[in-house]
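In the numbering used here, the protein residues as written are 6 to 564.
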């Protein structure tokens with residue numbers, strides 16, 4: 006009897022357990038159905054708002070706004086951009102980060118990743134492959150493949166299709182993680198800015214070869230048209246401090262004359278990647294630099310100067326050749342005109358080396374920076390709604406549109422003497438530093454095409470062309486034509502990924518050895534053949550392994 010009672014009690018208990026489990030299962034299934042229905046409804050509402058172009062009621066988003074200048078009583082919490090964003094899209098900021106600058110922002114971002122702090126919905130990512138990979142590995146962000154395919158506009162998609170390499174820095178485990186923000190292509194391509202008044206007074210022609218340029222350097226120094234003593238003139242303004250493949254005072258054009266571009270990864274004849282600084286052509290470039298240093302064409306303090314400091318010797322009238330980009334007329338050329346009475350300047354093409362070779366660096370892919378989208382963002386599509394609109398309406402505005410003359414009257418354009426203008430010299434408190442989430446909208450090839458059109462003497466027709474004609478100087482127009490006339494000489498840096506395993510442990514020492522060895526050769530403290538020993542040691546101390554890893558990465562992202 007006891008045994009039967011125990012068995013019966015056990016049977017009832019089991020029935021309760023089964024019943025309870027069955028009940029829980031039913032509730033979970035219903036809950037899952039409810040969640041799915043809720044998520045589907047939310048997605049449907051979001052897509053409806055995306056199609057309409059506005060959220061009603063308004064939504065709140067969080068992002069990162071880098072330092073901006075505020076005028077007309079605006080503040081970071083209440084400004085002309087944010088008022089427009091609310092009216093146009095039904096979007097307003099909440100818990101947005103306002104870092105003091107790039108360095109402070111990177112530190113804040115890395116601390117947030119390490120501590121698990123909640124990140125904004127849309128996170129600005131500076132061009133930094135190590136930081137990008139840290140963010141990907143944090144698990145806090147969405148892959149953007151499907152979002153981009155679904156929401157990006159045609160301008161965005163067309164550029165990505167034409168430049169698949171723009172995805173290389175953002176691809177990992179077969180997925181794309183960063184949304185690229187477009188930049189003007191060829192805006193930082195190198196050309197040579199010469200003192201045109203010196204060229205005219207010496208009756209000199211444009212240098213077609215390095216030998217021609219050398220003759221000009223000699224004349225600038227030893228027959229100076231301003232009457233400067235040779236000891237006061239160092240004709241070529243360059244930087245040897247940290248990088249020589251850089252944005253001002255660069256030497257990429259000289260290395261290119263001997264078949265390589267230093268400090269970047271170029272394709273060799275077989276399509277494999279090689280580090281440009283160990284190519285044999287680098288030795289010839291170093292020999293020429295050593296010769297120019299001995300002749301006094303380069304200032305002995307060049308190894309102490311960064312890019313900004315390098316420009317000063319040109320703007321102070323002590324140098325005649327400044328390697329720089331098409332935008333030099335905006336800065337630093339105005340300082341030259343102010344400091345040296347009667348001075349003029351002009352852009353010249355890159356000269357060829359002794360074997361007819363020409364080459365410079367190339368700004369990669371028309372991408373300025375990128376954003377990552379938080380996996381917890383309630384409205385990931387909002388980022389695309391916002392940037393699509395900027396590309397469609399502000400990047401190349403239509404005649405008669407709201408943005409025909411600029412973004413906001415009284416800021417980046419105004420009426421002066423009854424006429425609309427975006428000339429910063431005519432507008433009181435001119436300000437074009439708006440708090441755009443993505444930065445200004447730019448169609449990659451539009452800027453250079455417009456400048457070339459103006460340089461060819463064509464009248465500006467579209468609002469963008471008219472704004473550009475007024476905002477940019479004729480010297481700027483002409484320099485763009487010079488850049489585009491040599492578009493085929495530009496050499497891409499094909500490695501844009503995170504540091505490879507051997508780079509992490511070896512690259513700093515290899516770069517330090519490169520900088521020290523090259524500068525010692527240029528300054529005559531080492532013979533030119535020291536380059537051969539450098540290359541041998543570079544390869545043995547990790548360079549060969551890094552080259553293997555770089556090529557493995559390249560094959561993985563460019564399949």
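Where is the CB? At the ideal position from N, CA and C, for every residue including glycine.
Beta-carbon separation (whole angstroms), residue i vs residue j, contact threshold 8 Å
i	j	result
residue 287	residue 265	6 Å
residue 373	residue 125	Actually they are not in contact, since the Cβ atoms of residue 373 and residue 125 sit about 19 Å apart, beyond 8 Å.
residue 295	residue 533	7 Å
residue 535	residue 526	6 Å
residue 323	residue 239	6 Å
residue 499	residue 203	Not confirmed; about 38 Å, so no contact.
residue 248	residue 268	6 Å
residue 254	residue 242	6 Å
residue 257	residue 365	5 Å
residue 502	residue 173	7 Å
residue 49	residue 384	Incorrect: roughly 13 Å between the Cβ atoms, too far for contact.
residue 352	residue 538	39 Å between Cβ atoms; not a contact.
residue 434	residue 76	5 Å
residue 448	residue 137	Contact doesn't hold; Cβ gap of about 24 Å is too wide.
residue 142	residue 181	Their Cβ separation, rounded to whole angstroms, is 15 Å, which puts residue 142 and residue 181 out of contact at 8 Å.
residue 472	residue 436	The Cβ separation is near 15 Å, so there is no contact.
residue 371	residue 201	About 31 Å separates the two Cβ atoms, so there is no contact after all.
residue 2	residue 451	The structure shown does not extend to residue 2, since the chain is modelled only from 6 to 564, so the question has no answer here.
residue 127	residue 494	Going by Cβ atoms, the distance from residue 127 to residue 494 rounds to 38 Å, so no, they are not a contact pair.
residue 412	residue 399	7 Å
Residue environment, residue i, which counts as buried when at least 16 other CB atoms sit within 10 Å
i	result
residue 83	exposed
residue 541	exposed
residue 132	exposed
residue 552	buried
residue 226	buried
residue 80	exposed
residue 282	buried
residue 560	exposed
residue 424	exposed
residue 458	buried
residue 419	buried
residue 228	exposed
residue 148	buried
residue 88	exposed
residue 169	exposed
residue 338	buried
residue 417	buried
residue 39	With a pLDDT of only 47 at residue 39, under 50, the local geometry of the prediction cannot be trusted, and no value is derived from it.
residue 421	exposed
residue 236	exposed
residue 70	buried
residue 244	buried
residue 171	buried
residue 521	exposed
residue 367	buried
residue 31	Summary for residue 31: the model assigns pLDDT 40, below 50, so the residue's position carries little reliability, and this model does not support an answer.
residue 463	exposed
Contact with chain C by residue i, beta-carbon distance below 8 Å
i	result
residue 155	Within the model displayed, chain C is absent; a lone protein chain is all it includes.
Bridge partners - residue i, DSSP secondary structure assignment
i	result
residue 377	128
residue 181	176
residue 62	Its beta-bridge partners do not exist; DSSP assigns none.
residue 200	350
residue 329	196
residue 366	496
residue 186	374
residue 520	According to DSSP, residue 520 bridges with nothing at all.
residue 303	241
residue 69	102
(request) Output the residue ranges of the alpha helix (DSSP H) runs that lie fully inside the region 246-280 and measure 4 residues or longer, sorted by chain position. (result) 257-261
(request) Entirely within the region 460-513 and at least 4 residues each: give me those alpha helix (DSSP H) ranges in chain order. (result) Runs of the alpha helix (DSSP H) lying entirely within the region 460-513 and spanning at least 4 residues, in chain order: 468-476, 479-490.
(message) Below 8 Å, how does it come out for the region 344-361 and the region 206-214: are there three or more Cβ pairs, yes or no?
(response) Yes: at least three Cβ pairs fall under 8 Å.
(request) Pick out the complete beta strand (DSSP E) segments inside the region 381-428, 3 residues or longer, and give them in chain order. (result) Those beta strand (DSSP E) runs which fall completely within the region 381-428 and span 3+ residues are 419-421, 424-426.
(request) Taking only runs that begin and end inside the region 332-357, name each unbroken alpha helix (DSSP H) of 4 or more residues, in chain order. (result) 338-344
(message) In chain order, what are the residue ranges of uninterrupted beta strand (DSSP E) at least 3 long that sit wholly in the region 79-160?
(response) 96-98, 127-130
(request) Spell out a yes or no on whether the region 84-101 and the region 63-72 are touching, meaning 3 or more CB-CB pairs, one atom from each, closer than 8 Å. (result) yes
(message) With three or more beta-carbon pairs closer than 8 Å as the criterion, would you say the region 190-200 touches the region 324-331?
(response) yes
(message) Does the contact criterion of 3 or more C-beta pairs under 8 Å hold for the region 345-352 versus the region 461-479?
(response) no
(message) Runs of 4 residues minimum, wholly inside the region 211-238: which ones carry the alpha helix (DSSP H) assignment?
(response) 215-227
(request) Please determine if the region 377-397 and the region 405-417 are in contact, where contact requires at least 3 C-beta pairs separated by less than 8 Å. (result) no
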